[in-house]
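So the number in our numbering is just where the residue sits in the sequence shown, counting from 1, plus 394.
Ideal Cβ placement from N, Cα and C applies to all residues, glycine included.
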Amino acid sequence: MISRMVTVGLALLAASASATPIEPPAPENERIVRVTVRDAGDLATLAAVGANVLACEVRNGPVAAVVHADSIGVLDAAGLAPVMIDANPAQTHRAVRDRAMAAMTRGEGGGPTDWWSDYKPLDAYYAKMYEMEARRPDLVEVFEFGRSIEDRPLLAMRITAPSDASAPCRPAVLMNSLTHAREWVPPMANMYLAETLINGYGNDAYITGLVDDVEWVLVPVLNPDGYEYSWTDRRFWRKNRSMESAVTEGSVGVDLNRNYGFEWGSNVGSSSSPWSQTFRGTAPFSEPETAALRDLAESMPQLRIHNDMHSYSELILFAWGYTPEPSPLQSLHQTVGDEMADLIDQYRGRSYEVGPGYTTIYPTSGAANDWFYGRLGILSYTYELGRRFDEQPSEMRVLVEESLPASLYHGEFVADYYTFRADLNRDCQHDFFDLTIFLERFVQGASDADFDGSGDLSIQDVVNFLDFLTTRR
Ligand code: 0X9
Ligand code: ZN
Numbered sequence: 395m396i397s398r399m400v401t402v403g404l405a406l407l408a409a410s411a412s413a414t415p416i417e418p419p420a421p422e423n424e425r426i427v428r429v430t431v432r433d434a435g436d437l438a439t440l441a442a443v444g445a446n447v448l449a450c451e452v453r454n455g456p457v458a459a460v461v462h463a464d465s466i467g468v469l470d471a472a473g474l475a476p477v478m479i480d481a482n483p484a485q486t487h488r489a490v491r492d493r494a495m496a497a498m499t500r501g502e503g504g505g506p507t508d509w510w511s512d513y514k515p516l517d518a519y520y521a522k523m524y525e526m527e528a529r530r531p532d533l534v535e536v537f538e539f540g541r542s543i544e545d546r547p548l549l550a551m552r553i554t555a556p557s558d559a560s561a562p563c564r565p566a567v568l569m570n571s572l573t574h575a576r577e578w579v580p581p582m583a584n585m586y587l588a589e590t591l592i593n594g595y596g597n598d599a600y601i602t603g604l605v606d607d608v609e610w611v612l613v614p615v616l617n618p619d620g621y622e623y624s625w626t627d628r629r630f631w632r633k634n635r636s637m638e639s640a641v642t643e644g645s646v647g648v649d650l651n652r653n654y655g656f657e658w659g660s661n662v663g664s665s666s667s668p669w670s671q672t673f674r675g676t677a678p679f680s681e682p683e684t685a686a687l688r689d690l691a692e693s694m695p696q697l698r699i700h701n702d703m704h705s706y707s708e709l710i711l712f713a714w715g716y717t718p719e720p721s722p723l724q725s726l727h728q729t730v731g732d733e734m735a736d737l738i739d740q741y742r743g744r745s746y747e748v749g750p751g752y753t754t755i756y757p758t759s760g761a762a763n764d765w766f767y768g769r770l771g772i773l774s775y776t777y778e779l780g781r782r783f784d785e786q787p788s789e790m791r792v793l794v795e796e797s798l799p800a801s802l803y804h805g806e807f808v809a810d811y812y813t814f815r816a817d818l819n820r821d822c823q824h825d826f827f828d829l830t831i832f833l834e835r836f837v838q839g840a841s842d843a844d845f846d847g848s849g850d851l852s853i854q855d856v857v858n859f860l861d862f863l864t865t866r867r
């Protein structure tokens, strides 16, 4: 097993905190090389040549990076042993784009089941969300919750069964993807989750329960400008397209996952330099994309769990990112995260590591998990799906199927843990009135007073009811 190098990770972030103003190469001068990192000095060399390292977690060992063709000699001389992986990434990128566009023009890959055969451009995401709504208007509502910095719509899908008396008490799940423009697999997984919920409703008891009992709010593309740019210009773009602090192309963009307003800018895990990949922006929530997600979350009083879906590294992370101290919700985060990892493992034996961001990978400040947990007090995870940003399209189906049970489990968990089961008068409170109703039914021998599910009524039903009543589940 490759050993984790926390000191190396810290060195990378420290280097990016004082990022030297180096312009990225023109796409035709880009090369993708694999280098072998031995120590913090090697990371400093990579930073000095303005390399775009294609990994979230830099360990000792091989890693891919986008570099200027002229830098390869420097890396070689410094002992990083560069090996060419792609001598013409601009052409590779064009081929990916042309293939996807041609398929769209032929009308392929847009159907309910074959959409996951290849990557999809931004417009295809928008179109498919509206197609889902048109197909199942009873279950799906697509709504705009803000606009991006270049004025593109920020779209969310609300998926839940038609309202009944219990609707106001349904716990809600929020899953967003495409915070980082180059992470093209997670939005596919998010759309696959949506499709599964919609198709399974009325056909599969487990899914029907999850749509009946839970409100799902899915945001497949949080960073549409960055995503569009990663299709048209630079495949491995990470940030949004803010020009606020930009002098040149190299200083465009804010890292949305350093822009949330909880302990914003409080440690080395974000940068004040616009040239850095982890530039935190000029103020907490300075970016319309993070501000809109904040407002959406704050408008959902029933929100109980969140996931900021990223790639890659086969990890499930949670708060804190800003400090190594365990959070008060550490053990629940760990238990629920471990269950998700087990579900992923069952698919084909991929073993995801689960833990707090700071100690599992590296310090961050202003990351989504810390705000969702720190400010809203809810469970909040980060997936790091898969093993590379540019997974083969032939792998897509496997990747989205692999993470699906863990994503569904978000809903299963909140339905089990937070539903107001003893709210017999459906007023979203557990109180004396519910107890009165329960005792009346119990005395009458009504079957719904069988609260322990044993088949007959006993004092244990009263004990169980009181347990639900007092713990507000
Ligand atoms: O650095 C990031 O923003 C995430 N990795 S990525 O390669 N997708 O960019 C990891 C953030 C994890 N931090 C916390 N969960 N706190
Ligand atoms: Zn990411």
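Beta-carbon proximity check, residue i vs residue j, cutoff 9 Å
i	j	result
Gly731	Ala761	no
Ser797	Ile738	yes
Arg576	Pro421	no
Glu733	Gly780	no
Pro419	Val460	yes
Met582	Val613	no
Thr554	Trp610	yes
Ile699	Pro565	yes
Cys822	Phe832	no
Ser465	Met790	no
Phe836	Val857	no
Thr758	Gly663	yes
Ile592	Val534	yes
Leu616	Leu650	yes
Val648	Arg674	yes
Ala463	Asn423	yes
Phe355	Ala521	Because residue 355 is not part of the residues shown, which for the chain are 395 to 867, the question remains open.
Val608	Val579	no
Leu829	Leu860	yes
Ile772	Leu697	yes
Tyr767	Ala713	yes
Val457	Thr439	no
Tyr811	Arg867	yes
Cys563	Arg742	no
Pro515	Met526	no
Pro483	Arg425	yes
Asn661	Thr717	yes
Pro618	Ser639	no
Tyr586	Pro787	no
Glu850	Asp842	Note on residue identity: the sequence assigns Asp, not Glu, to residue 850. Cβ distance not < 9 Å, so Asp850 and Asp842 don't count as in contact.
N- and C-terminal bounds of the alpha helix (DSSP H) containing residue i
i	result
Asp861	853-865
Ser571	Run containing Ser571: none in the alpha helix (DSSP H); it sits in the beta strand (DSSP E), 566-571.
Glu527	516-529
Ile738	724-742
Gly435	434-442
Delimiting residues of the beta strand (DSSP E) encompassing residue i
i	result
Arg698	697-705
Glu589	That residue, Glu589, is in no beta strand (DSSP E); its alpha helix (DSSP H) goes 579-594.
Thr430	424-431
Gly749	747-750
Residues sharing a beta bridge with residue i, DSSP
i	result
Pro547	Arg541
Asn617	Asn617 pairs with nothing; no bridge assigned.
Ile553	Val534, Trp610
Asn454	The partner list for Asn454 (beta bridge, DSSP) is empty, contrary to what the question assumes.
Arg628	Arg628 pairs with nothing; no bridge assigned.
Val447	Ala459
Inter-residue CB distance, residue i and residue j (contact presumed, cutoff 8 Å)
i	j	result
Val536	Tyr519	Not quite, the Cβ-Cβ distance comes to about 11 Å (not below 8 Å), so this is no contact.
Cys450	Glu778	6 Å
Pro556	Asp532	5 Å
Arg432	Ile479	Contact flag wrong, Cβ pair sits at about 19 Å.
Tyr706	Pro678	Contact flag wrong, Cβ pair sits at about 27 Å.
Val605	Tyr595	5 Å
Ile543	Glu747	The Cβ separation is near 34 Å, so there is no contact.
Ser695	Gln724	Checking the sequence, you will find Pro at residue 695 rather than Ser. Their Cβ separation, rounded to whole angstroms, is 25 Å, which puts Pro695 and Gln724 out of contact at 8 Å.
Which parts of the stretch 771-839 are runs of the beta strand (DSSP E), unbroken and 3 residues or longer, counting only runs that do not cross its ends?
-> As far as the stretch 771-839 is concerned, its whole beta strand (DSSP E) runs of at least 3 residues are 773-779.
What runs of the beta strand (DSSP E), each 3 residues or longer, lie entirely inside the stretch 650-717?
-> Taken in chain order, the unbroken stretches of beta strand (DSSP E) that lie wholly in the stretch 650-717 and span 3 residues or more are 697-705, 709-712.
Beta strand (DSSP E) runs contained entirely in the stretch 455-514, provided each spans 3 or more residues | List check, beta strand (DSSP E) in window: 455-462, 477-480.
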